[in-house]
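K.L.:
Protein chains in written order, with our numbering: chain A, 1 to 242; chain B, 243 to 460; chain C, 461 to 510.
#1: Please list, in chain order, the residues of the stretch 129-142 of chain A that have any C-beta partner in chain B closer than 8 Å.
#2: Under a three-way DSSP split, which group does residue 49/A fall into?
#3: Ignoring anything shorter than 3 residues, give me the beta strand (DSSP E) runs that lie fully in the stretch 115-165 of chain A, in order along the chain.
#4: Measure how close the beta-carbons of residue 12/A and residue 65/A come, nearest whole angstrom, since I'm counting them as under 8 Å.
#5: Using the C-alpha atoms, what's the distance from residue 139/A back to residue 393/B?
#6: Within its chain, find whatever has a CB closer than 7 Å to the CB of residue 226/A; leave out the 5 residues flanking it on each side and keep chain order.
#7: Under 9 Å between beta-carbons, which chain A residues line up against residue 439/B? List them in chain order, please.
#8: Closest Cβ-Cβ distance between residue 152/A and chain C: below 8 Å?
#9: If we define contact as Cβ-Cβ less than 8 Å, is residue 91/A a contact residue for chain B?
#10: For residue 26/A versus residue 213/A, is the C-beta distance shorter than 8 Å?
#11: Just by C-beta distance, which residues in the stretch 489-508 of chain C are closer than 8 Å to chain A?
#12: Could you check whether the Cβ of residue 486/C sits closer than 8 Å to any Cβ belonging to chain A?
#13: Taking only beta-carbon positions, decide if residue 386/B is within less than 8 Å of chain A.
#14: Nearest to residue 179/A by CA position, among 426/B, 415/B, 420/B, 423/B, is which residue?
#15: Using a beta-carbon distance below 8 Å, is residue 163/A in contact with chain B?
#16: Less than 8 Å between the CB atoms is what I'm expecting for residue 382/B and residue 447/B, so what's the real figure, rounded?
#17: Please list, in chain order, the residues of the stretch 389-422 of chain B that have any C-beta partner in chain A closer than 8 Å.
#18: Let me make sure I understand the geometry here. Which of 232/A, 18/A, 239/A, 84/A has the alpha-carbon closest to that of residue 499/C?
#19: Taking CB distances under 8 Å as the criterion, tell me whether residue 108/A reaches chain C.
#20: Give me the subset of the stretch 109-127 of chain A whose CB atoms are less than 8 Å from a CB atom of chain C, sorted by chain position.
#21: So with Cβ pairs under 8 Å, would you call residue 357/B a contact of chain A?
#22: Can the beta-carbon of residue 444/B be found less than 8 Å from the beta-carbon of residue 378/B?
#23: Does the beta carbon of residue 70/A sit closer than 8 Å to a beta carbon anywhere in chain B?
#24: Among the candidates 324/B, 338/B, 354/B, whose CA atom is the shortest distance from the CA of residue 386/B?
#25: Relative to the alpha-carbon of residue 263/B, which residue among 286/B, 400/B, 345/B has its alpha-carbon at the smallest distance?
#26: At least one CB of chain A closer than 8 Å to the CB of residue 450/B: is that the case?
#27: Could you have a look at residue 326/B and say whether DSSP puts it in helix, strand or coil?
#28: For the alpha helix (DSSP H) that residue 243/B lies in, which residues bound it at each end?
#29: Below 8 Å, can you find three or more Cβ-Cβ pairs linking the stretch 93-102 of chain A to the stretch 215-222 of chain A?
#30: Roughly how many angstroms separate the alpha carbons of residue 370/B and residue 408/B, rounded to a whole number?
#31: Taking Cβ to Cβ, would you say residue 217/A is nearer than 8 Å to residue 23/A?
#32: Taking only beta-carbon positions, decide if residue 44/A is within less than 8 Å of chain B.
#33: Which whole-angstrom value is the C-beta distance of residue 397/B and residue 303/B, which I expect to be below 8 Å?
#34: Using 8 Å as the cut-off, can you tell me whether the stretch 103-121 of chain A makes contact with the stretch 146-161 of chain A, which would need three or more C-beta pairs spanning the two stretches below that distance?
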């Protein structure tokens, strides 16, 4: 019995069925706790005032925007190497979620940037990188939508995801080179100097956990939908033949 | 492979091949920009490197879908796949043919269009150098995008959507070289990075593009 | 309610837009999941009967 057994579509449907409600509830709880705690029970930052409350959605969504792409990259690699259909479908299922996360990060960033930097949009390296990431998500989803044969679509989008990842990283450094930014340093880095204070940190971690759980739950739901869609497609095709 | 290169070039230059369209498009973009931003010489000379680079990039984009589409439709690509040369080589040769018929004319025409935009004196050398270094990467990345979308009925729009984000690093380093050249600044770093991107694209993307073509021919 | 000072609009709109987008994503995913499940069950039933 190897770990790949779990990737068989039938098995996958079996073991994820009880997992979805559990994960959904956990995600809802973590998100509510993190956001309500962050919104109602944290002090204002002495520099940024109450606007610091945006951090509880901005940072987690930005992290998930990148992590969703990383997950798609891993899933694409698994598809290319081992050709598990569930893997390709999981990558397809994750793309719209990652795109929404990117949009949330961009919107909250713009709303936050208005009072802090005095502008909605600045061609700051991180903002620009996220905009480029958004374009990559759109291209990836458009590619899935454009190709009819599911295996061809899975193959081509996987190749696109691999090449796109390399270019996304290149773009990140190119954009850094192109313009030094306004963004504050990484607020969650482990070196204590730059860390935000604990009062902000704990609810932020809860919110991040909430976003991660929400992402996993949504990916499972959407992957199950894709598997059903594939099966339905096969049945309808057979009915037409017979 | 030389035969393939010559054939592609001849087909592109022949009437209806689209050769020259890219150049004409480049000219039109260059002419339209002053209408859009106003005729002040200072402003134009400041944005000239960027405009010329974006114009070259868009003109490059125009002819990308021709790299594989026609050969795919009339079955030539199937024959090439069974020919005793690797698909990676076919892709590289086709990208080279695209560069010779699109990229190279753009590089040669860019200084002339630079005059229209008041490009500062020292900028000409570096503009040509940066385009000469960067356009091969544009052709190769474009060939990869064309390989991905070759099986689609109307792949043109999707092709642009896929390729444009991939062009970002090349564009950034390319314009940086041209801009710093025009302003007489040190440009060692961007030119090295631009060359690095071009070489990496030339070395690695033929494999990705060939994989995509094999999938599309299945 | 916490006093948001001069950032009322910013914070509230950021939260509102985020919740709206997330809710939209969840509802769309869930609705499509339900629809697909029903369609598949109908197809399976057709196959079993005929």
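Quick reminder that beta carbons are idealized off the backbone N, C-alpha and C, glycines included.
Please read these numbers as outputs of a predicted model, since none were measured by experiment.
P.N.:
Once the coordinates are examined:
#1: 132, 135, 136, 138, 139, 142
#2: Translated into positions along the first chain, residue 49/A becomes position 49. Strand.
#3: none
#4: For this step, residue 12/A is matched to residue 12 along the first chain. For this step, residue 65/A is matched to residue 65 along the first chain. Between residue 65/A and residue 12/A the Cβ distance is about 26 Å, and since that is not below 8 Å, they are no contact.
#5: Taking the first residue of the second chain as position 1, residue 393/B is located at position 151. Taking the first residue of the first chain as position 1, residue 139/A is located at position 139. Roughly 16 Å between the two C-alpha positions.
#6: Position 226 of the first chain, counted from the start, is the residue given in the question as residue 226/A. The answer, listed in chain order, is 89, 92, 93.
#7: Stepping through the second chain from its first residue, residue 439/B is reached at position 197. Those are 170, 174, listed as they occur along chain A.
#8: In the first chain, residue 152/A corresponds to position 152, counting from 1. Not an interface residue.
#9: Residue numbering aside, residue 91/A sits at position 91 when the first chain is read from its first letter. By this cut-off, residue 91/A is not an interface position.
#10: The count along the first chain starts at 1 and reaches residue 26/A at position 26. The count along the first chain starts at 1 and reaches residue 213/A at position 213. In contact: residue 26/A and residue 213/A (Cβ atoms closer than 8 Å).
#11: 489, 490, 492, 493, 496, 497, 499, 500, 503, 504, 506, 507
#12: Locating residue 486/C in the third chain gives position 26, counting from the first residue. Residue 486/C counts as touching chain A.
#13: Reading the second chain from its first residue, position 144 is the one you call residue 386/B. By this cut-off, residue 386/B is an interface position.
#14: Here residue 179/A refers to the residue found at position 179 of the first chain. Considering only alpha carbons, the answer is 415/B.
#15: Along the first chain, read from residue 1 onward, the residue named residue 163/A stands at position 163. Yes - at least one Cβ of chain B is within 8 Å of the one on residue 163/A.
#16: As a first step, residue 382/B must be located in the second chain, where it is residue number 140. As a first step, residue 447/B must be located in the second chain, where it is residue number 205. Going by Cβ atoms, the distance from residue 382/B to residue 447/B rounds to 5 Å, so yes, they are a contact pair.
#17: 390, 391, 393, 394, 397, 400, 403, 404, 406, 407, 408, 410, 411, 414, 415, 418
#18: Here the question's residue 499/C lines up with position 39 in the third chain. Closest option to residue 499/C, Cα to Cα, is 232/A.
#19: Looking up residue 108/A in the first chain gives position 108. Yes, because at least one Cβ of chain C sits closer than 8 Å to the Cβ of residue 108/A.
#20: 111, 112, 114, 115
#21: To locate residue 357/B, count along the second chain from 1; it is residue 115. By this cut-off, residue 357/B is not an interface position.
#22: Along the second chain, one-based indexing puts residue 444/B at 202. Along the second chain, one-based indexing puts residue 378/B at 136. Going by C-beta atoms, residue 444/B is nearer than 8 Å to residue 378/B.
#23: The residue you call residue 70/A lines up with position 70 of the first chain. Closer than 8 Å: no.
#24: In the second chain, residue 386/B corresponds to position 144, counting from 1. Ranking the options by Cα distance to residue 386/B, first place goes to 338/B.
#25: Position 21 of the second chain, counting from 1, holds the residue named residue 263/B. Out of 286/B, 400/B, 345/B, 345/B has the C-alpha closest to the C-alpha of residue 263/B.
#26: The count along the second chain starts at 1 and reaches residue 450/B at position 208. Yes, because at least one Cβ of chain A sits closer than 8 Å to the Cβ of residue 450/B.
#27: As a working note, residue 326/B is residue 84 in the second chain. DSSP places residue 326/B in coil when its eight states are reduced to three.
#28: By one-based count along the second chain, residue 243/B stands at place 1. Counting along the chain, residue 243/B falls outside any alpha helix (DSSP H), and DSSP gives it neither H nor E.
#29: yes
#30: For the purposes of this step, residue 370/B is taken as the residue at position 128 of the second chain. For the purposes of this step, residue 408/B is taken as the residue at position 166 of the second chain. In a straight line, the C-alpha of residue 370/B is about 22 Å away from that of residue 408/B.
#31: Taking the first chain and counting its residues from 1, one reaches residue 217/A at position 217. Taking the first chain and counting its residues from 1, one reaches residue 23/A at position 23. In contact: residue 217/A and residue 23/A (Cβ atoms closer than 8 Å).
#32: By one-based count along the first chain, residue 44/A stands at place 44. By this cut-off, residue 44/A is not an interface position.
#33: Here residue 397/B is taken as the residue at index 155 of the second chain, counted from 1. Here residue 303/B is taken as the residue at index 61 of the second chain, counted from 1. Actually they are not in contact, since the Cβ atoms of residue 397/B and residue 303/B sit about 13 Å apart, beyond 8 Å.
#34: no
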